[in-house]
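Counting from 724, one number per residue, gives the positions in the sequence shown under my numbering. One structure below.
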Amino acid sequence: MKKAILSLLAIGTLSFTSVAFTSVGEAATVLVQQEKKTEILMKNLPEEVKKGWEEAEYKDENVEKIYKVETPAPESEEYIEFIVKKETGKVAVHFGMDGTLLREVAIDGKQ
Numbered sequence: 724m725k726k727a728i729l730s731l732l733a734i735g736t737l738s739f740t741s742v743a744f745t746s747v748g749e750a751a752t753v754l755v756q757q758e759k760k761t762e763i764l765m766k767n768l769p770e771e772v773k774k775g776w777e778e779a780e781y782k783d784e785n786v787e788k789i790y791k792v793e794t795p796a797p798e799s800e801e802y803i804e805f806i807v808k809k810e811t812g813k814v815a816v817h818f819g820m821d822g823t824l825l826r827e828v829a830i831d832g833k834q
């Protein structure tokens with residue numbers, strides 16, 4: 724009887740472990756399908772983006788980080804994201820690879 728109970732417990736434990744692992748695996752897959760961000764230095768930006776940044780109102784703001792962002796298909800997009808700390812809060816400022824200002828997105832909700 725003890726062997727039967729231990730066998731059932733072992734099977735139940737293995738099944739639970741398998742389900743937990745599958746859930747984690749699925750979550751990781753979702754993250755891969757979102758966007759790919761690669762940190763980049765100002766000196767390594769495309770010239771068009773540097774020029775667009777210099778002409779923008781943000782050029783004197785405190786830039787915390789810069790990322791090259793690639794979004795997945797079918798609506799794939801590639802742009803540069805500047806994380807800027809303004810007096811009103813943090814914002815993500817997106818520039819197209821041709822140097823055009825695409826959008827500003829509030830990050831911390833203070834804006």
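Glycine is no exception: its CB is placed at the ideal position from the N, C-alpha and C atoms.
GLU810 and ASP783 have their C-alpha atoms some 12 Å from each other. If you draw a straight line from the Cα of LYS808 to the Cα of PRO797, it comes to about 32 Å. Between GLU804 and LYS791, the gap from beta carbon to beta carbon is short of 9 Å. Ranking LYS813, ASP821, LYS788 by CA distance to the CA of ASP831 puts LYS813 first. Going by beta carbons, MET765 and LYS773 fall inside the 9 Å limit. Residue range 812-819 is occupied by the beta strand (DSSP E) that includes GLY819. DSSP, reduced to helix, strand and coil, places GLU780 outside both helices and strands of the structure shown, so it counts as coil.
Pairing THR761 with SER799, the inter-Cα distance amounts to about 16 Å. Where GLU827 is concerned, the enclosing beta strand (DSSP E) starts and stops at 824-829.
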